[in-house]
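This report refers to the structure that appears directly beneath it.
Residue numbers (this note's numbering): 30 to 563.
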């Protein structure tokens, strides 16, 4: 496939580069950001462990020692006001002051997928301030690039409300700060690449009419039904007024997208436009929830895939790239993917691998829609893609197992559609496991928490999921528990954990749109299923 040659070209650095002095890559991590955690959900996916595992792998691998470690800084209210309203700033500033846990839970319930605790205010100020700190030093030339390992994430936060695990819009605040407050640094045009699996609605809305910012988001859309929902992530949302053409959405029609799909978008949408835009600095809203195994994303991007996406951007803006952590909820994939990206910032040469699969047919369809919509603003996209290229499409879903970043691809036939709820449940009742889990750290009652992934798995795919794909995931889960765990689960000793409110709502939507049950039947089914052994 033509794609492989382009990858090899982009990764053509010589081994001599390793002998040269490392570039100045800044890292920010502060354990105080771990103080933000959910009060009523110990298994909440946006947990403190997310930044801990990244920091641990960077240190244990020796990578952190090659970087410039920066101190985290609080954002200032006047900096936050570049994006957020006074009421929003006051809410986040004061949320952790004197409110009881029960009151914090009640306040958070007023917003979409948000939680608060006594550590939320401090963490939010540190997250936004740390992205500003890295960005300013890169813009000044004191650093070549940097990675702000921060939480809570930011790209869903709107001007006047938090949402989607996000309290302040970290990247948007840092972008406005450079453009509006530090214009003397010569940063006049900024490219924001949001590769989080969810659409960056907050960032988009901040810069929708601003031609100084090219916002690019590739995300699951599923006809507007994937979080954050609505038509904001549609390919027809291209900007307004002077910002027309400077907002690019690449909306996946389905889950399961892999390295080949993302790299096709890079080669045929992002890179051509970035060449014409010629940014002075690049922000990456680095969500890793499109990664293999992520319980919310349902896609299969590997650490290698992320490293190539980043590598393809390194030639722009003189390498001035600021990464800010957004999502990513499978701790193993999150850590490995972040590590692979920091290695690219350090100019390490990734191991070249061939892509054994082509992009999905739906990927080429989306790419062509996006190119057509944007061609009036970016003539370089007007040309039709060669039939020989787009005919190289995969009708298969790939199941990947990760071992030190290596992935073996197994094709699964897409034609076997799920017909009934019984089809979904049946694989559980037939589980047979021989031998204990090879890795004891992932065994025992964690099996029960794995069931939350099952809820999300089906809700995410809806009618697009098939029985073969689901059974493949069950096969993966077999090796995450002991025989005793499975027996205890099947017998009812271990009960099914009911999903949290957000997961339950998503599941209901998936069941209804998958034409499995009515909304009332789906709600009743979830409630009943959580009280019975399978």
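We treat Cβ as the ideally placed atom computed from N, Cα and C, and that holds for glycine. These numbers come from a predicted model, not from an experiment.
Which two residues bound the contiguous alpha helix (DSSP H) that contains residue i?
i, result
"residue 118", "115-123"
"residue 156", "149-169"
"residue 332", "332-340"
"residue 24", "The first residue shown for the chain is 30 and the last is 563, placing residue 24 beyond what the model contains."
"residue 231", "230-235"
"residue 400", "390-403"
Do the CB positions of residue i and residue j come within less than 8 Å of each other?
i, j, result
"residue 148", "residue 73", "no"
"residue 134", "residue 69", "yes"
"residue 402", "residue 232", "no"
"residue 178", "residue 56", "yes"
"residue 399", "residue 264", "yes"
"residue 187", "residue 238", "no"
"residue 334", "residue 292", "yes"
"residue 339", "residue 82", "no"
"residue 240", "residue 275", "yes"
"residue 109", "residue 163", "no"
"residue 111", "residue 207", "no"
"residue 75", "residue 181", "yes"
"residue 54", "residue 371", "yes"
"residue 388", "residue 551", "no"
"residue 193", "residue 227", "yes"
"residue 394", "residue 330", "no"
"residue 376", "residue 52", "yes"
"residue 185", "residue 230", "yes"
"residue 211", "residue 165", "yes"
"residue 390", "residue 412", "no"
Counting only beta-carbon separations shorter than 8 Å, does residue i have a partner in chain B?
i, result
"residue 252", "No chain B is part of this structure, which consists of one protein chain only."
For residue i, which of the options has the nearest alpha-carbon?
i, options, result
"residue 159", "295, 278, 329, 183", "183"
"residue 196", "257, 331, 142", "142"
"residue 367", "76, 392, 327, 320", "320"
"residue 409", "300, 416, 95, 420", "300"
"residue 144", "230, 210, 407, 530", "530"
"residue 254", "138, 538, 114, 271", "538"
"residue 151", "103, 139, 540", "103"
"residue 273", "417, 407, 416", "407"
"residue 250", "327, 344, 549, 198", "327"
"residue 128", "296, 146, 413, 373", "146"
In the DSSP assignment, the beta strand (DSSP E) including residue i goes from what residue to what residue?
i, result
"residue 351", "350-354"
"residue 177", "174-177"
"residue 223", "219-223"
"residue 371", "No beta strand (DSSP E) holds residue 371; the alpha helix (DSSP H) holding it covers 360-374."
"residue 246", "242-249"
"residue 196", "First-last for residue 196: undefined, no H or E at that position."
"residue 107", "Where residue 107 is concerned, there is no enclosing beta strand (DSSP E), although the alpha helix (DSSP H) it sits in stretches over 106-109."
How do the region 339-359 and the region 312-321 stand: do at least 3 beta-carbon pairs fall below 8 Å, yes or no? yes
Inspect the CB distances between the region 150-167 and the region 54-65 and report whether three or more fall short of 8 Å. yes
Do three or more CB pairs link the region 240-250 to the region 213-223 at distances below 8 Å? yes
Entirely within the region 285-340 and at least 4 residues each: give me those alpha helix (DSSP H) ranges in chain order. 288-294, 300-306, 332-340
Sufficient close CB pairs (3 or more, under 8 Å) joining the region 331-350 to the region 170-177: yes
Count the CB pairs spanning the region 298-306 and the region 280-287 that are closer than 8 Å, and state whether there are at least three. no
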